[in-house]
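> So that we are looking at the same thing, I have put the structure below in structure tokens.
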Amino acid sequence: MQTSADRQDRHQYPAHWEADVVLRDGGTARIRPITVDDADRLVSFYEQVSDESKYYRFFAPYPRLSAKDVHRFTHHDFVDRVGLAATIGGEFIATVRYDRIGADGMPASAPADEAEVAFLVQDAHQGRGVASALLEHIAAVARERGIRRFAAEVLPANTKMIKVFTDAGYTQKRSFEDGVVRLEFDLEPTDRSLAVQRAREQRAEARSVRRLLMPGSVAVVGVGRAPGGVGRSVLGNIRDAGYGGLLHAVNKAFPEGLGEVDGVPAYRRVRDIGGPVDLAVVAVPAEHVPAVVAECGEHGVQGLVVLSAGYAESGPEGRERQRALVRQARAYGMRIIGPNAFGIINTAPDVRLNASLAPEMPRPGRIGMFAQSGAIGIALLSRLHRRGGGVTGVTGVSTFVSAGNRADVSGNDVLQYWYDDPETDVVLMYLESIGNPRKFTRLARRTAAAKPLVVVQGDGSAPQGHAVRATRLPHATVSALLRQAGVIRVDTITELVDAGLLLARQPLPAGPRVAILGNSESLGVLTYDRCLAEGLRPSRPLDLTTGATAEDFHRALGAALADESCDSVVVTAIPAIGEASPGDAELAEALRSAAAAVPGKPVLVVHVELGGLAEALSAAASTAPAAVDKAPGTEGGARLFRAAERLPTAGVAAASPPEGMHLIPAYPAAERAVRALAEAVKYGQWRREAMDPGKVPEYDDIDEKGAARLIGELLARGEGLTISDAETCELLGKYGIPVRRALPAPTADAAAEAARALGYPVALKATAPHLRHRADLGGVRLDLADEEQLRRAYAELTELFGKPEELRPVVQGMAPRGVDTVVRAVIDPAAGAVLSFGLAGAASQLLGDMAHRLVPVTDREAASLVRSIRTAPLLFGWRGSTPVDTPALEELLLRVSRLVDDHPEVVAVTLEPVVVAPHGVSVLSATVRLAPPPARDDLGPRTMPAY
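Note that the sequence shown ends on residue 957 in my numbering; no numbers are left out.
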């Protein structure tokens with residue numbers, strides 16, 4: 011008789027089931043299959059489970075596992091019998107298993123598609139979301155093994171486990187018999203189960219970041235004995251920022267009996283610290299980091315900021331060292347920022363944490379900032395410090411994270427935290443690379459619906475040390491997908507800060523209509539021209555003349571804001587000479603009061619900085635201001651509007667504006683102000699449209715099951731293949747996408763016979779790869795009305811391009827005249843399924859005029875996709891041409907989207923050309939590629955990036 015052990019030997023260990031997960035409280039655990047080597051771990055785990063939990067698991071007192079039990083629970087075939095364990099530090103904290111059963115409830119093998127499932131969680135770890143994470147993973151394993159339904163029997167008093175099943179979001183049935191609750195639920199993901207899974211993911215990842223940014227105690231490991239050095243500098247930065255928790259200095263080289271370093275309690279090892287440590291900042295050489303991590307893990311440290319370099323940025327050896335670091339930290343349930351990190355900052359009054367290499371704490375404010383490299387982090391903080399001032403106050407940072415090599419905590423994790431952080435109103439991110447574009451796009455869409463997200467995206471080449479998933483999509487396509495997710499895409503740090511300051515201080519504009527007013531006609535005209543260039547709708551500038559007073563500015567701004575034809579106002583101001591000209595403070599108060607009287611519309615100021623010329627004018631008139639107070643006799647003379655430069659020094663609290671008052675941002679150049687405003691206008695429009703994203707329509711004529719059967723039969727022939735024209739037509743036909751019939755014409759006689767079958771007029775096309783879709787090369791003959799024209803065209807083609815076997819000619823019935831377009835869909839391993847549309851020919855091939863949307867596409871997105879390309883006017887009656895049937899085109903796009911979304915085995919679809927006529931569309935050529943479905947980890951169980 012075949013034993014379980016025999017079967018396990020026959021099935022390879024499923025290493026791809028291993029995963030690290032973030033738990034409900036922000037800690038981490040590892041999930042992996044249970045094997046025959048886990049007997050001792052299982053026994054030790056069971057001994058730490060309470061009698062009550064054992065009773066709930068086995069429905070009877072069960073104080074210890076017998077040798078037979080241990081054998082049964084550690085020997086699996088990984089098909090019909092599977093066990094998974096959640097581990098921390100290599101020890102079990104929870105287990106789950108399923109056993110496949112037949113209709114009679116007895117053990118069975120495939121094709122039986124039901125299994126019994128049971129959990130056991132160590133009491134010390136109950137309430138951390140361990141069972142919910144295990145359920146997601148065991149359900150994914152079961153689906154992979156052909157199991158479609160789970161059954162579980164639970165005692166009524168075991169309310170925690172009943173809640174795990176009922177809260178999961180699966181379609182289920184519940185019954186009660188013989189004192190036992192029986193739950194049955196389908197494993198097919200539902201909208202609710204995915205929503206539950208993603209909500210849990212967000213809460214867990216947000217809490218894991220919150221534990222790093224809001225620690226109650228911090229240890230800096232690697233504090234030098236002498237002043238200077240990274241560790242000593244960071245210790246001083248934390249202390250000088252006024253950190254509100256307990257701070258400890260650690261260095262194994264400290265002499266015995268040393269009590270303090272710079273007024274901070276000193277210890278030789280982390281384990282010597284009497285109380286708990288929430289966060290350890292590691293600043294030791296890379297070769298000493300593993301010992302520090304082990305010490306931190308054993309002491310119960312929750313997270314690490316690793317400043318040490320010498321990891322993946324240094325080459326293959328460092329990359330392996332980085333992998334080992336992540337594996338080691340996760341084994342203890344710790345998360346890592348870094349390695350090679352610049353550090354983290356939290357300006358909240360009750361935290362005031364500056365665990366970074368920044369020598370001064372940035373101003374507190376409402377902007378969350380994320381960068382990867384230290385150099386970019388420094389540039390961001392510096393630029394915001396210089397630009398943080400405005401007409402009516404200053405803007406600062408809520409939290410700042412520079413993740414270095416982002417081996418563990420990434421921009422996705424921090425975005426989860428900022429999504430519902432009440433202290434952050436705007437998010438600024440400089441992303442040199444995007445490790446998981448699919449997840450980032452999903453999180454960005456949700457975040458952007460709640461608060462602005464401004465991103466500078468790298469050029470697509472990942473820096474050394476960054477683990478990035480391979481993508482076949484061009485950089486421009488990824489950027490377009492981010493914009494569609496509501497991301498405000500800018501190109502430079504300057505634009506990042508410019509947009510962030512506007513969005514942090516002002517309401518979103520309701521539209522593109524802009525009023526312009528100021529005391530310089532030429533600056534007003536320049537602003538007007540920039541508005542036109544950015545696609546805004548400016549009114550003619552109102553020139554207040556150089557003699558304008560503060561009251562003139564106040565009155566003009568109030569009138570502009572009250573005008574219903576205006577959505578935003580740009581105020582231009584230049585230095586003025588004369589006693590009547592307003593001073594900076596006077597002008598700022600005039601603008602502030604006018605804006606406060608008519609709230610709801612954004613106001614921006616463009617001010618000109620004259621630098622040395624202003625000083626020269628002041629010196630010539632002997633009216634230079636004194637260093638502190640205004641000197642006598644300076645009431646007149648040159649005054650320069652430089653509110654943005656008069657900032658409080660770092661570490662000095664800036665005066666906050668009154669509650670509900672919007673700060674007015676000031677810009678030194680018109681183009682920068684207008685560019686920021688244009689981005690705010692586009693984002694506001696996206697926010698309004700996001701409130702009604704549309705729906706994915708259902709079509710009664712789609713044969714999803716028939717398509718699945720056909721795909722299965724075709725894939726049985728090979729791992730990946732481009733299917734034949736006939737098979738392509740059959741598959742597309744099951745989704746209501748007819749392809750115009752084309753018949754092969756290997757000879758002139760065959761061409762004539764095909765034309766008779768199709769009916770004249772016809773087209774004759776060469777389908778050889780170098781001539782396909784190239785009418786410009788002469789490989790296509792259209793509107794052939796009879797056999798004589800057809801034979802003449804056939805002879806011309808063979809004379810020009812070679813033998814028929816080289817040309818591969820086909821005959822096709824003529825489609826109605828229209829606009830030639832191209833529709834493509836591809837499943838990218840990093841970004842997911844993407845639907846693309848453009849005009850066929852030079853527009854898409856030479857100019858790259860293609861628009862893209864993530865699948866599944868809604869009806870609103872399909873309409874937007876058609877209108878997003880620059881050549882879209884050709885579809886809507888450009889220069890008096892007849893508009894084409896765009897509703898039919900949108901339906902075609904929606905059907906292609908459904909095909910790819912329903913069947914991930916369809917990895918590429920190309921419809922080219924698609925002729926869009928005044929009535930209807932005609933697909934003239936199509937290709938489809940099939941392959942086994944790629945891993946869709948963002949739609950599967952929650953996992954952390956693998957290392």
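Every residue gets a Cβ at the ideal spot worked out from N, C-alpha and C, and that includes glycine.
Going by DSSP, what residue range makes up the beta strand (DSSP E) through His86?
First-last for His86: undefined, no H or E at that position.
> Under 8 angstroms between C-beta atoms, does Ser874 make it to chain C?
No chain C is part of this structure, which consists of one protein chain only.
> What do you get for Phe886, buried or exposed, if any count of 16 or more other CB atoms within 10 angstroms of its CB means buried?
exposed
> Going by DSSP, what residue range makes up the alpha helix (DSSP H) through Asn247?
240 to 250
> Within a Cβ cutoff of 7 angstroms, which residues of the same chain sit near Met224, ignoring the five residues on either side of it in sequence?
Asn356, Val361
> Could you pull out every residue in the same chain whose Cβ sits closer than 7 angstroms to the Cβ of Gly622, ignoring the five residues on either side in sequence?
For Gly622, the predicted model reports a pLDDT of 38, less than 50, meaning its position is unreliable; a value from the coordinates is still stated below. So the list is empty, once near-sequence residues are dropped.
> Is Asp109 near Arg159, with beta carbons less than 8 angstroms apart?
no
> Out of Ser60, Val230, Met116, point me to the one whose CA is closest to Ala104's CA.
Ser60
> How would you write the range of the alpha helix (DSSP H) that Asn364 sits in, first residue to last?
Premise fails: Asn364 lies in the beta strand (DSSP E), 363 to 366, not in any alpha helix (DSSP H).
> Shortest alpha-carbon distance to Met379 belongs to which of Gln132, Pro942, Leu673, Leu511?
Leu511
> Between the region 280 to 298 and the region 215 to 234, do three or more beta carbon pairs fall short of 8 angstroms?
yes
> When the Cβ atoms of the region 681 to 690 are set against those of the region 538 to 547, are three or more pairs found closer than 8 angstroms?
yes
> Could you say which of Arg727, Ala843, Ala49 lies nearest to Ser76 if we only look at CA atoms?
Ala49
> Going by the DSSP bridge assignment, what does Pro117 pair with across the sheet?
Answer is Ile111.
> For the alpha helix (DSSP H) that Leu536 lies in, which residues bound it at each end?
Counting along the chain, the unbroken alpha helix (DSSP H) around Leu536 starts and ends at 531 to 543.
> Using beta-carbon positions only, say whether Thr953 and Ala113 come within less than 8 angstroms of one another.
no
> Under 8 angstroms, do Pro43 and Phe102 count as touching if we go by C-beta distance?
no
> Less than 6 angstroms between C-beta atoms, sequence neighbours within five positions excluded: which residues of the same chain meet that for Pro754?
Val820
> Mind checking who Val340 pairs with in its DSSP beta bridge?
According to the sequence displayed, residue 340 carries Arg and not Val. None, per the DSSP bridge assignment.
> Would Ala417 and Gln382 qualify as a contact pair, given that the criterion is a beta-carbon distance under 8 angstroms?
no
> In angstroms with no decimal places, state the Cα-to-Cα distance between Glu62 and Val424.
39 angstroms
> Measure the Cβ-Cβ separation of Ala161 and Glu187 and say whether it is below 8 angstroms.
No Cβ-Cβ contact shorter than 8 angstroms links Ala161 with Glu187.
> Could you tell me the alpha carbon to alpha carbon distance between Arg602 and Asp431, rounded to whole angstroms?
28 angstroms
> In the DSSP assignment, what residue or residues form a beta bridge with Gln182?
Phe195
> What residue range is occupied by the uninterrupted beta strand (DSSP E) comprising Val924?
916 to 926
> For Phe102, write down the residues that DSSP places opposite it in a beta bridge.
Thr97
> What residue from Val303, Leu742, His21 has the CA that sits closest to Asp711's CA?
Leu742
> Closest to Thr181 by CA distance: which of Ser324, Gly226, Ser203 is it?
Nearest option by C-alpha distance: Ser203.
> With distances taken Cα to Cα, identify the nearest neighbour of Asp177 among Gly348, Ala167, Leu193.
Of the listed residues, the one whose Cα sits closest to Asp177 is Leu193.
> Alpha carbon to alpha carbon, how far is Ala389 from Leu506? Give it in angstroms, no decimals.
11 angstroms
> Which one or two residues does DSSP pair with Gly790 in a beta bridge?
In the sequence under discussion, the amino acid at residue 790 is Val, which differs from the Gly named in the question. Under the DSSP definition of a beta bridge, Val790 partners with Lys775.
> Taking the beta strand (DSSP E) that Met171 falls in, what are its first and last residues?
Counting along the chain, Met171 falls outside any beta strand (DSSP E), though it belongs to the alpha helix (DSSP H) covering 169 to 176.
> For Glu714, count the other beta carbons within 10 Å of its own beta carbon; 16 or more makes it buried, fewer makes it exposed. Which is it?
exposed
> Report back the beta-carbon spacing between Gln136 and Gln58 to the nearest angstrom; my notes put them in contact at under 8 angstroms.
Not confirmed; about 12 angstroms, so no contact.
> Output the boundary residues of the alpha helix (DSSP H) element that contains Ala605.
594 to 607
> Among Pro839, Ala595, Leu571, which one has its Cα closest to the Cα of Leu614?
Leu571
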